[in-house]
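Student: This structure is in structure tokens; I'll ask about it shortly.
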């Protein structure tokens, strides 16, 4: 579903991403770990065609994202670290607008409220202006957009950063439920605990390169923190 | 569908963030104030013109018995009608005069302009609907739209929106539609109020024409503001921050509203120099004298005018010949001068491709009937009327005074002769004529809109999501 082959991004002499190969199938939750500047967000941005690769290819559901930037986005939902919404609109109005853009048709109020409930926002919160929302509430609205879209793949950039433990746990549940439905998930994080609890595959990045890759049972059997620190110190 | 949602969302946001109420409300109040002032001025000027024209003709008709040449020297005055749309754009009228003296021998310039009578303070307060739309209209578009893309990029909403698979051009179209709708909310009611004022201000026979002119005038401004909608969105798409966008847009606004008109005016005068008043009068006087000498030499064997060599029995003929010989000279000199001014005007209209203000200013004055081509037409009509008066007086002298020989000056015409001169009844040209004369500036505006739309599309496709 999400495939990168020899994916490279250079900014002048600086290599932000170096020959990355990834193949994430439906049902996978792939956690990319790494320090700041390791190339995690660059990878997400390349999948979204927000930046152009220097070399290599990126495909979503078998389609090259650089050739079909609009069409490939129909299959993915993206959740950034900092979700921003229109502050003068209510949560429900934001959801109606963005879900409408994603789907090409407007969802009825009942469905929108159901989505809000599914992500943990009650009716009272739904009608409040977003300028009064906390970071977690804004993130929930955007997750509701992603749910409404029923995308085949999720791209998440530090999604649990700044969330309280309860909200982070809820979020992990949400990802697992999505993966159970066959959705491919690529998420970047600093949160090793979240990765260990949620991921079906883990990759560790350092200076633009994928230096470690763990699958399924390996994750449970490995002391992820020690492995991560070992790579960071090397 | 997507475009409509984006437009609706933008529209709602502008309503809720207060920008429309403050910036738009201020512009709306200014528009209505300017319209009220323009309406009062137009009504006053129109009433004065009608009354003065009637009084002047009454004075002409009520002359006692007198020598026709004396009557020709008294002449009459032609008062330029104040068109109904001068209430929205007074154009050059306040600066170029409203009255022309139709006197013997000389083609007079149009005199008595409102600016001469204005106090220094009034010069600062010359506010018209046209000026507000030309200068403050783009500023309103900037205030409403400078952060349309740049602000969303800064906040991160743009990347979220684009991640949903929205085509950038649809996003642009939605934002353009929203900005246009916001402007329409403010300007359509103002246009309707203006339509009522113009309809009331126009003579019953000219009402349809005045409304047609207003319709075309409004269309011109719609295209003009459309250019700014595209420019503002294009600059916003290319700017990395809202601050950068508003800085660039304000610089462009200052350039087009303050600097460019002055610079272009100087450049057009440099490329198509017009003579000074002194040089013009000297050249005109010299050719009039040469032509007059030639005519007198050919017909009377002397260049000494009104001397002993020409008997009084030929003074009527001499007067007619002298006047008629001067007509082509006036036509040539004034024609050349006016053609030069029109060339200068053309330069400004073509500059409208880059500086739309110059094109819309010309179009606006043209459709309001307050531009130079309307003024030239009035002046030409007044001059033709003057010549008609001269020819009638000379004809009467040839018929009745010349046969009296030495007693030529004892002849006195009766009021029946004065009554053969019709009143100066000038009707300004219709909307079709004005539109034909302004076809170039309108096409320049349309071309400007296409260029601005292409720029906005290019900028939106090239913009960064991050």
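Chains as they are written, first to last, in this note's numbering: chain L, 783 to 1016; chain Y, 140 to 605.
Glycine included, every Cβ here is placed at the ideal spot set by N, Cα and C.
Quick caveat: nothing in here was measured; it's all calculated off a predicted structure.
#1: Applying the 10 Å Cβ sphere with the 16-neighbour rule, what's the burial state of residue 377 (chain Y)?
#2: Below 7 Å between beta carbons is the criterion; list the residues of the stretch 304-329 of chain Y that meet it against any residue of chain L, in chain order.
#3: List, in chain order, every chain L residue whose beta-carbon is nearer than 7 Å to that of residue 144 (chain Y).
#4: What residues of chain Y sit near residue 864 (chain L), judged by a beta carbon separation below 8 Å?
#5: If you follow the alpha helix (DSSP H) that residue 514 (chain Y) is part of, which residue opens it and which one closes it?
#6: May I ask you to report which of helix, strand or coil DSSP gives residue 404 (chain Y)?
#7: Can you name the residues of chain Y whose CB is closer than 8 Å to the CB of residue 840 (chain L)?
#8: Any Cβ of chain L within less than 8 Å of the Cβ of residue 515 (chain Y)?
#9: In terms of residue numbering, what span does the alpha helix (DSSP H) encompassing residue 976 (chain L) cover?
#10: Residue 357 (chain Y) to residue 461 (chain Y), Cα distance in whole Å?
#11: Excluding the five sequence neighbours on either side, which residues of its own chain have a C-beta within less than 7 Å of the C-beta of residue 520 (chain Y), listed in chain order?
#12: Taking 8 Å as the CB-CB limit, is residue 886 (chain L) close to chain Y?
#13: Beta-carbon separation of residue 502 (chain Y) and residue 365 (chain Y) under 8 Å?
#14: Does the structure place the stretch 480-487 of chain Y close enough to the stretch 406-414 of chain Y that three or more beta carbon pairs sit under 8 Å?
#15: Report the neighbours of residue 605 (chain Y) on chain L: residues whose CB is nearer than 8 Å to its CB, in chain order.
#16: Name, please, each residue of chain Y whose Cβ falls closer than 7 Å to the Cβ of residue 855 (chain L).
#17: If you scan the stretch 266-300 of chain Y from start to end, which runs of the alpha helix (DSSP H) of 4 or more residues do you find wholly inside it?
#18: Residue 299 (chain Y) versus chain L: which residues are under 8 Å apart at the beta carbon?
#19: Taking Cβ positions, are residue 883 (chain L) and residue 303 (chain Y) nearer each other than 8 Å?
#20: Please classify residue 286 (chain Y): is it buried, with 16 or more other beta-carbons within 10 angstroms of its beta-carbon, or exposed?
#21: Please go through the same chain and pick out, in chain order, the residues whose beta-carbon is closer than 6 Å to the beta-carbon of residue 553 (chain Y), but skip the five residues on each side of it.
#22: Among L:864, L:860 and L:869, whose alpha-carbon lies nearest the alpha-carbon of residue 881 (chain L)?
#23: Label residue 415 (chain Y) either buried or exposed according to how many other C-beta atoms from any shown protein chain fall within 10 Å of its C-beta, with 16 as the threshold for buried.
#24: At least one CB of chain Y closer than 8 Å to the CB of residue 871 (chain L): is that the case?
#25: Entirely within the stretch 369-422 of chain Y and at least 4 residues each: give me those alpha helix (DSSP H) ranges in chain order.
#26: Does residue 140 (chain Y) come within less than 8 Å of chain L when only Cβ atoms are used?
#27: How is residue 152 (chain Y) classed by DSSP in three states: helix, strand or coil?
#28: Strictly under 8 Å for the Cβ-Cβ distance: is residue 789 (chain L) near chain Y by that measure?
#29: Hey, is residue 155 (chain Y)'s beta-carbon within less than 8 Å of any beta-carbon in chain L?
#30: Quick check on the burial criterion: 16 or more other C-beta atoms within 10 angstroms. Buried or exposed for residue 915 (chain L)?
#31: Is residue 346 (chain Y) close to chain L, meaning its C-beta is less than 8 Å from at least one C-beta of that chain?
#32: For a contact meaning CB atoms closer than 7 Å, what does residue 852 (chain L) contact in chain Y?
#33: Within this structure, are the beta carbons of residue 994 (chain L) and residue 1001 (chain L) separated by less than 8 Å?
#34: Can you check the stretch 168-250 of chain Y for any alpha helix (DSSP H) of at least 4 residues that lies completely inside it and give the ranges in chain order?
#35: DSSP on residue 1006 (chain L), reduced to helix/strand/coil?
#36: Mapping the DSSP letters down to three states, classify residue 262 (chain Y) as helix, strand or coil.
Tutor: Answer, in terms of the structure:
#1: buried
#2: 304, 305 and 306
#3: 879, 882 and 883
#4: Ordered by position in chain Y, the residues that pass the 8 Å Cβ test against residue 864 (chain L) are 295.
#5: 511-535
#6: helix
#7: By Cβ distance, chain Y contributes nothing, its closest Cβ being about 14 Å from residue 840 (chain L), past 8 Å.
#8: no
#9: Element bounds for residue 976 (chain L): 974-980.
#10: 49 Å
#11: 565
#12: Residue 886 (chain L) counts as touching chain Y.
#13: no
#14: yes
#15: 827, 832 and 833
#16: 302, 303 and 304
#17: 276-284 and 289-294
#18: 860, 862, 865, 866, 880 and 924
#19: yes
#20: buried
#21: 204
#22: If we check each option's Cα against that of residue 881 (chain L), L:860 comes out closest.
#23: The residue is exposed, with fewer than 16 neighbouring Cβ atoms inside 10 Å.
#24: For residue 871 (chain L), a Cβ of chain Y is located within less than 8 Å of the residue's own Cβ.
#25: Restricting attention to alpha helix (DSSP H) runs no shorter than 4 residues, the stretch 369-422 of chain Y encloses them at 381-393 and 399-410, ordered along the chain.
#26: Chain L, which has a Cβ nearer than 8 Å to the Cβ of residue 140 (chain Y), makes this yes.
#27: helix
#28: no
#29: yes
#30: In the assembly as shown, residue 915 (chain L) is a buried residue. Its beta-carbon has 16 or more other beta-carbons within 10 Å.
#31: no
#32: Contacts between residue 852 (chain L) and chain Y, judged by CB atoms closer than 7 Å, involve 304 and 306 in chain order.
#33: no
#34: 207-213 and 232-235
#35: helix
#36: Bear in mind that the predicted position of residue 262 (chain Y) carries a pLDDT of just 48, short of 50, making it unreliable; the figure below should be weighed with that in mind. Here residue 262 (chain Y) sits in helix by DSSP.
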